[in-house]
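Report on the following structure.
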Amino acid sequence: MRIDVSKFGTVLLSRPAGREAFLSARAYSVPKENIETIELDFSRVKVLTPSWADEFVSGFLETFGSRLEIIEGDNLSVKTTFETLNAIK
Amino acid sequence: MIAFEWVNSAIGIIPVKDFYCPSRDIAEARTEKLPALLVSVGWPEDLAELFSATVSELVGNCFDHNVGQWKDVQGCWFEAQIEPSFVRVFIADRGQGILTSLQRVLSDLNDPIEALKKAFTEIITGRAPEKRGNGLKFVIRSLQKIPNVKSFVFISDSAKLSFNDSIDILYIDSHLEKIEPIKGTYSEILIKKI
Numbered sequence: 001m002r003i004d005v006s007k008f009g010t011v012l013l014s015r016p017a018g019r020e021a022f023l024s025a026r027a028y029s030v031p032k033e034n035i036e037t038i039e040l041d042f043s044r045v046k047v048l049t050p051s052w053a054d055e056f057v058s059g060f061l062e063t064f065g066s067r068l069e070i071i072e073g074d075n076l077s078v079k080t081t082f083e084t085l086n087a088i089k
Numbered sequence: 090m091i092a093f094e095w096v097n098s099a100i101g102i103i104p105v106k107d108f109y110c111p112s113r114d115i116a117e118a119r120t121e122k123l124p125a126l127l128v129s130v131g132w133p134e135d136l137a138e139l140f141s142a143t144v145s146e147l148v149g150n151c152f153d154h155n156v157g158q159w160k161d162v163q164g165c166w167f168e169a170q171i172e173p174s175f176v177r178v179f180i181a182d183r184g185q186g187i188l189t190s191l192q193r194v195l196s197d198l199n200d201p202i203e204a205l206k207k208a209f210t211e212i213i214t215g216r217a218p219e220k221r222g223n224g225l226k227f228v229i230r231s232l233q234k235i236p237n238v239k240s241f242v243f244i245s246d247s248a249k250l251s252f253n254d255s256i257d258i259l260y261i262d263s264h265l266e267k268i269e270p271i272k273g274t275y276s277e278i279l280i281k282k283i
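Chains A and B supply the protein sequences, listed in that same order. Mapped onto my numbering, the consecutive letters of the first sequence carry residue numbers 1 to 89. Mapped onto my numbering, the consecutive letters of the second sequence carry residue numbers 90 to 283.
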């Protein structure tokens, strides 16, 4: 299934907001059963920071591991955020 | 009073309302306005968004590492001068500074310059065991993508990191110097017309 991350806002900045978005997504956006893969689609996000992304994506990684896929899209702040996070991992 | 005087002052003074963010909510609300303000003075949308994310990381650090640890005045100074010919941003806090923060995980660390170097080049955070420590690397990576960055200054304790014209982290040692200690952290970015 695919989650449109822009539904949590198009300007995604702080760690507490990223954590809160993950908790909300886990409760309301992810079906309880029969999930093969989760796609997090950032293509409609306007501003993303590593702080927000780290809190949001890390939560999904812990649950779904290799079944998690990230769709970055073309936004420069999204691409730079994932360049930074990927360089670290 | 300017941001550097505020973070240097022996006594904590509440900044003027326009620059003072006593809480994260206020800082975040002001940061969210940045993209539109930058576009209004001619910035391309993609660079305005990237720079706003950069500023947000610096502002966020003021709260991520200092809540409950302020020397006196809580919150941060956040000032953005947005003109058609230049953009200048000042961010400062009277918090614990990078050395004290990193000493939580590196107890042998006692050199402010070494602490600042680690903060910009290594994956490290005073908030272990949380997985953090990528914000300042993102700041550097972003500023390398934004044209016409004239200067970037970051000060914590008695350590100053400064770049002029190009942000070349490979030779970070040549950009570090010791200065009179300040009361927390201070950063300043100047970008000429894009």
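Backbone N, C-alpha and C define an ideal beta-carbon position, used for all residues, glycine too.
Thinking C-alpha only, which one of the options is nearest residue i?
{"i": "M90/B", "options": "E168/B, S112/B and F152/B", "result": "E168/B"}
{"i": "P124/B", "options": "V45/A, F56/A and I3/A", "result": "V45/A"}
{"i": "I256/B", "options": "A137/B, I229/B and V156/B", "result": "I229/B"}
{"i": "D4/A", "options": "F22/A, P16/A, L76/A and T49/A", "result": "F22/A"}
{"i": "L259/B", "options": "K267/B, V238/B, S245/B and K226/B", "result": "K226/B"}
{"i": "G273/B", "options": "V130/B, T120/B, S141/B and Q158/B", "result": "Q158/B"}
{"i": "F42/A", "options": "W52/A, A87/A, A27/A and T63/A", "result": "W52/A"}
{"i": "L40/A", "options": "A17/A, E72/A and G9/A", "result": "E72/A"}
{"i": "E94/B", "options": "V156/B, I180/B, I187/B and K122/B", "result": "I180/B"}
{"i": "A142/B", "options": "K79/A, S58/A, V30/A and A87/A", "result": "K79/A"}
{"i": "R183/B", "options": "Y275/B, N237/B and R193/B", "result": "Y275/B"}
If you measure from the beta carbon of residue i to each beta carbon in chain A, is any gap under 7 Å?
{"i": "L205/B", "result": "no"}
{"i": "R230/B", "result": "yes"}
{"i": "F227/B", "result": "yes"}
DSSP three-state label for residue i, please.
{"i": "E277/B", "result": "strand"}
{"i": "N150/B", "result": "helix"}
{"i": "S145/B", "result": "helix"}
{"i": "W166/B", "result": "strand"}
{"i": "S251/B", "result": "strand"}
{"i": "V128/B", "result": "helix"}
{"i": "D135/B", "result": "helix"}
{"i": "I212/B", "result": "coil"}
{"i": "V194/B", "result": "coil"}
{"i": "S58/A", "result": "helix"}
{"i": "A204/B", "result": "helix"}
{"i": "E39/A", "result": "strand"}
{"i": "K7/A", "result": "helix"}
{"i": "A181/B", "result": "strand"}
Who are the neighbours of residue i on chain A, taking C-beta pairs under 8 Å?
{"i": "G149/B", "result": "L13, S14, R15, T49 and S51"}
{"i": "E117/B", "result": "L13, S14 and A17"}
{"i": "S145/B", "result": "L13, S14, V47, T49 and S51"}
{"i": "A142/B", "result": "L13, V47, L48, T49, S77, T80 and T81"}
{"i": "D153/B", "result": "R15 and S51"}
{"i": "P113/B", "result": "Per the sequence shown, the amino acid found at residue 113/B is Arg instead of Pro. What R113/B touches in chain A: S14 and P16."}
Quick one: which chain B residues come within Cβ less than 8 Å of residue i?
{"i": "L76/A", "result": "D135, L136, E138, L139 and K234"}
Along chain B, which residues have their Cβ under 7 Å away from the Cβ of residue i?
{"i": "K7/A", "result": "Residues of chain B passing the Cβ test: none, with the nearest at roughly 17 Å."}
Give the C-beta separation of residue i and residue j to the nearest angstrom, bearing in mind that I take them to be a contact with Cβ-Cβ under 8 Å.
{"i": "I115/B", "j": "V162/B", "result": "Between V162/B and I115/B the Cβ distance is about 14 Å, and since that is not below 8 Å, they are no contact."}
{"i": "N223/B", "j": "I212/B", "result": "7 Å"}
{"i": "I171/B", "j": "L127/B", "result": "6 Å"}
{"i": "S240/B", "j": "P270/B", "result": "About 21 Å separates the two Cβ atoms, so there is no contact after all."}
{"i": "I38/A", "j": "R19/A", "result": "The Cβ separation is near 17 Å, so there is no contact."}
{"i": "L191/B", "j": "A208/B", "result": "7 Å"}
{"i": "V47/A", "j": "L85/A", "result": "Not confirmed; about 16 Å, so no contact."}
{"i": "L188/B", "j": "P173/B", "result": "Actually they are not in contact, since the Cβ atoms of L188/B and P173/B sit about 39 Å apart, beyond 8 Å."}
{"i": "L147/B", "j": "I235/B", "result": "L147/B to I235/B, Cβ: 14 Å. No contact."}
{"i": "L250/B", "j": "L265/B", "result": "6 Å"}
{"i": "T49/A", "j": "S112/B", "result": "The pair is not a contact, with the Cβ atoms about 18 Å apart (cut-off 8 Å)."}
So which residues of chain A does residue i contact, with C-beta pairs closer than 7 Å?
{"i": "T120/B", "result": "L13"}
{"i": "D257/B", "result": "In chain order: nothing, as chain A lies at least about 17 Å away."}
Shorter than 7 Å from the beta carbon of residue i to some beta carbon of chain B?
{"i": "K91/A", "result": "Any answer about residue 91/A is impossible in this case: the structure gives chain A only from 1 up to 89."}
{"i": "T84/A", "result": "yes"}
{"i": "T37/A", "result": "no"}
{"i": "T63/A", "result": "no"}
Interface residues of chain A around residue i at Cβ under 9 Å?
{"i": "P124/B", "result": "V11, K46 and V47"}
{"i": "R177/B", "result": "In chain order: nothing, as chain A lies at least about 20 Å away."}
The ligand SAM and residue i: does any heavy atom of the ligand fall closer than 6 Å to the residue's C-beta?
{"i": "S263/B", "result": "In the structure shown, the ligand SAM is absent, as is every other ligand, since no ligand is present at all."}
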